[in-house]
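Protein chains in written order, with the numbering used here: chain U, 603 to 808; chain L, 603 to 808.
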């Protein structure tokens with residue numbers, strides 16, 4: 603199966619399934635069903651079965667899914683059965699929260715380099731790392747084979763930071779700055795903006 | 603048109619369109635097209651036209667969209683042509699970043715109450731607000747008619763916080779804690795978890 607055959611919207615649901623399965627596994631549960639998963643996530647069980655069917659057969663009719671098996675398969679499909687090195691740029695409130703965030707562990711990611719443009723911050727420790735000058739980013743990320751970056755820099759410099767990331771070989775960017783980034787073909791950007799999440803919910807409020 | 607007729611996935615794209623339009627407007631642009639919007643957002647122009655067609659006619663064939671008009675209509679549809687009061691719970695790194703975040707202004711939201719469980723934080727100022735005891739949350743949010751909450755509390759207390767929110771009449775929750783929340787029917791939850799964003803991109807990496 604070529605990656606291009608499967609809609610990105612389906613790919614986007616797989617991490618959500620994986621998170622729900624991990625919570626079940628952590629609670630000691632061994633078997634689930636598309637019905638139970640759907641209930642927990644507010645997605646129809648038919649949609650879940652259809653999404654998973656793109657990748658093969660993961661459960662037997664009537665017996666449900668073995669959670670550990672489905673987790674393994676989803677991790678393999680999403681390529682998080684390994685640990686990806688990640689660069690973090692911008693060590694303000696959001697950057698610090700990301701360094702302290704416990705949720706990366708065992709989910710496929712490790713922040714291996716932290717950057718800022720502020721001379722007062724460069725050289726300071728942050729977690730196990732030392733903040734590096736953002737000007738050195740292309741060289742550092744290329745050397746460490748970093749393909750993923752999280753940009754938590756101010757909006758007015760976020761595009762410049764993205765350009766440096768691309769220059770260093772980064773191919774996936776999670777952007778916390780409230781602007782759209784222009785990147786070349788082949789580089790993916792995901793945006794995280796509290797307002798777009800909130801606006802999606804106000805539609806339903808009265 | 604009843605809200606229930608339109609798929610949530612369509613609703614979820616409208617804030618993204620609105621953000622892109624606002625950036626164009628800020629740059630002085632007055633007219634755009636589904637083609638240009640699609641190019642900027644990586645969505646097909648046909649999809650954009652189809653999404654908007656759920657809500658009426660916003661442009662003339664061949665002349666494109668007047669940006670200010672389309673912004674007005676999207677704000678009205680999403681009900682962000684007003685200012686919603688928002689409660690924030692958990693004043694750690696993420697909570698502080700949210701208080702300082704400049705992106706709420708003019709986009710439909712204002713944080714009107716901040717809560718924490720830590721006695722050392724309660725009573726302290728944060729931005730223009732004073733941190734309140736989370737135990738008082740149901741009463742405070744009901745009094746201020748707050749229907750929207752952002753939970754930036756630790757994972758182990760996030761469900762308790764969500765319960766307090768629901769008790770106070772909150773009907774939309776943006777959750778920063780890396781757990782799934784159980785809420786009654788009629789309450790919506792959006793999750794913001796950097797890992798699910800990152801995992802959606804690793805699928806495409808090699």
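Built from N, CA and C at the ideal position, the CB exists for glycine as well.
If you're wondering where the values come from, they're calculated on a predicted model, not measured in any experiment.
Exercise for the section: Examine chain L for any beta-carbon lying closer than 7 Å to the beta-carbon of residue 800(U), and answer yes or no. Expected result: Here residue 800(U) refers to the residue found at position 198 when the first chain is read from its first residue. Taking Cβ atoms only, chain L reaches closer than 7 Å to residue 800(U), which makes this a yes.
Handout entry: 7 Å Cβ cutoff, residue 803(L) in contact with chain U
Key = Working through the second chain from its first residue, we reach residue 803(L) at position 201. Interface residue, yes.
Handout entry: Within-7 Å CB hit, residue 665(L) to chain U
Key = The sequence position of residue 665(L) within the second chain is 63, counting from 1. So no, residue 665(L) is outside the interface.
Handout entry: Cut-off 8 Å between Cβ atoms - residues of its own chain near residue 765(L), not counting five sequence neighbours on either side
Key = As a working note, residue 765(L) is residue 163 in the second chain. Here the set comprises nothing.
Handout entry: Supposed close pair residue 807(L), residue 774(U) - CB separation, criterion 8 Å
Key = Numbered from 1 along the second chain, position 205 holds the residue referred to as residue 807(L). Numbered from 1 along the first chain, position 172 holds the residue referred to as residue 774(U). Their Cβ separation, rounded to whole angstroms, is 6 Å, which keeps residue 807(L) and residue 774(U) in contact under 8 Å.
Exercise for the section: Take residue 671(L) as the anchor and find which of 634(L), 613(L), 728(L), 719(L) has the nearest alpha-carbon. Expected result: Within the second chain, residue 671(L) is the residue found at index 69, counting from 1. The shortest C-alpha separation from residue 671(L) is found at 634(L).
Problem - Among 653(U), 795(U), 740(U), 624(U), nearest to residue 621(L) - alpha-carbon criterion - result: Taking the first residue of the second chain as 1, we reach residue 621(L) at position 19. Of the candidates 653(U), 795(U), 740(U), 624(U), the one whose C-alpha sits nearest the C-alpha of residue 621(L) is 795(U).
Practice task
Could you list which residues in chain U have their beta carbon closer than 8 Å to that of residue 749(L), in chain order?
Solution key: Numbered from its first residue, the second chain carries residue 749(L) at position 147. The answer, in chain order, is 807.
Exercise for the section: On the DSSP bridge assignment, give the partners of residue 609(L) in chain order. Expected result: Here the question's residue 609(L) lines up with position 7 in the second chain. Paired residue(s): none; residue 609(L) is not in a bridge.
Practice task
Mark residue 779(L) as exposed unless 16 or more other C-beta atoms lie within 10 angstroms of its C-beta, in which case mark it buried.
Solution key: The residue labelled residue 779(L) in the question sits at position 177 within the second chain. Buried, since its Cβ has 16 or more Cβ neighbours within 10 Å.
Exercise for the section: Would you please verify whether the beta carbon of residue 695(U) is less than 7 Å from any beta carbon of chain L? Expected result: Along the first chain, read from residue 1 onward, the residue named residue 695(U) stands at position 93. With 7 Å as the cut-off, residue 695(U) counts as an interface residue toward chain L.
Practice task
Apply the 10 Å Cβ neighbour rule to residue 629(L) and answer buried if 16 or more other Cβ atoms are within range, or exposed otherwise.
Solution key: Against the second chain, residue 629(L) aligns to sequence position 27. When all chains shown are included, residue 629(L) counts as exposed.
Exercise for the section: Give the interface partners of residue 618(U) over in chain L, defined as CB-CB distance under 7 Å, in chain order. Expected result: For this step, residue 618(U) is matched to residue 16 along the first chain. Correct list: 798.
Problem - Where residue 693(L) sits in the DSSP three-state scheme - result: Indexing the second chain from 1 puts residue 693(L) at position 91. Coil.
Exercise for the section: Please confirm if residue 690(L) has its CB atom under 7 Å from at least one CB of chain U. Expected result: The residue labelled residue 690(L) in the question sits at position 88 within the second chain. Output row for residue 690(L): interface = no.
Problem - Element boundaries [alpha helix (DSSP H), containing residue 640(L)] - result: As a first step, residue 640(L) is located in the second chain; it is residue number 38 there, counting from the start. 636 to 643 is the span of the alpha helix (DSSP H), which, as asked, contains residue 640(L).
Problem - Residues near residue 703(U) in its chain [Cβ-Cβ closer than 6 Å; skip 5 each side] - result: Counting from one through the first chain, the residue named residue 703(U) turns up at place 101. Around residue 703(U): no qualifying Cβ.
Handout entry: Minimum C-alpha distance to residue 793(L) - residue among 618(U), 612(U), 610(U), 609(U)
Key = If you number the second chain from 1, residue 793(L) lands on position 191. Of the candidates 618(U), 612(U), 610(U), 609(U), the one whose C-alpha sits nearest the C-alpha of residue 793(L) is 618(U).
Exercise for the section: Closer than 8 Å by beta-carbon distance: list the chain U residues that pair up with residue 781(L), in chain order. Expected result: Translated into positions along the second chain, residue 781(L) becomes position 179. Residues of chain U passing the Cβ test: 625.
Problem - Below-7 Å beta-carbon distance, residue 681(L) vs any chain U residue - result: In the second chain, the residue the question calls residue 681(L) occupies position 79. By this cut-off, residue 681(L) is an interface position.
Problem - residue 610(L) versus residue 713(L) - alpha carbon distance - result: Taking the first residue of the second chain as 1, we reach residue 610(L) at position 8. Taking the first residue of the second chain as 1, we reach residue 713(L) at position 111. Rounded to whole angstroms, residue 610(L) to residue 713(L) spans 25 Å at the Cα level.
Problem - Of the residues 688(U), 624(U), 760(U), the one placed nearest residue 750(U), counting alpha carbons only - result: In the first chain, residue 750(U) corresponds to position 148, counting from 1. When only C-alpha atoms are compared, the closest one is 688(U).
Problem - C-beta neighbour in chain L for residue 699(U), strict 7 Å - result: The sequence position of residue 699(U) within the first chain is 97, counting from 1. Closer than 7 Å: yes.
Problem - Endpoints, the alpha helix (DSSP H) within which residue 733(L) is located - result: Mapped onto the second chain, residue 733(L) falls at position 131. Counting along the chain, residue 733(L) falls outside any alpha helix (DSSP H), though it belongs to the beta strand (DSSP E) covering 731 to 735.
Practice task
State buried or exposed for residue 603(U), treating a residue as buried only when at least 16 other CB atoms are found within 10 Å of its CB.
Solution key: Sequence index remark: in the first chain, residue 603(U) carries index 1 (1-based). Residue placement at residue 603(U) is flagged as unreliable, the pLDDT there being 44, under the threshold of 50; the coordinate-derived value follows with that caveat. With fewer than 16 Cβ atoms within 10 Å of its Cβ, residue 603(U) is classed as exposed.
Practice task
Determine, using beta carbons only, whether residue 742(U) and residue 715(U) come nearer to each other than 7 Å.
Solution key: For the purposes of this step, residue 742(U) is taken as the residue at position 140 of the first chain. For the purposes of this step, residue 715(U) is taken as the residue at position 113 of the first chain. Contact flag set, yes.
Handout entry: Integer-rounded CB distance, given that residue 754(U) should sit under 8 Å from residue 664(U)
Key = To locate residue 664(U), count along the first chain from 1; it is residue 62. To locate residue 754(U), count along the first chain from 1; it is residue 152. In fact, because the Cβ distance is near 47 Å, the residues do not count as touching under 8 Å.
Exercise for the section: Check the C-beta distance from residue 673(U) over to residue 623(U) and give it rounded, since I have them as a contact under 8 Å. Expected result: Within the first chain, the letter at position 71 stands for residue 673(U). Within the first chain, the letter at position 21 stands for residue 623(U). 5 Å between Cβ atoms; contact.
Practice task
Would you give the residue range spanned by the beta strand (DSSP E) that residue 718(L) belongs to?
Solution key: Numbered from 1 along the second chain, position 116 holds the residue referred to as residue 718(L). Where residue 718(L) is concerned, the enclosing beta strand (DSSP E) stretches over 711 to 718.
Handout entry: Classification of residue 684(U) by the beta-carbon crowding that lies within 10 angstroms, buried from 16 upward
Key = On the first chain, position 82 is the one that residue 684(U) refers to. That one is exposed.
Practice task
Would you give the residue range spanned by the beta strand (DSSP E) that residue 668(U) belongs to?
Solution key: Counting from one through the first chain, the residue named residue 668(U) turns up at place 66. Here the beta strand (DSSP E) through residue 668(U) covers 666 to 668.
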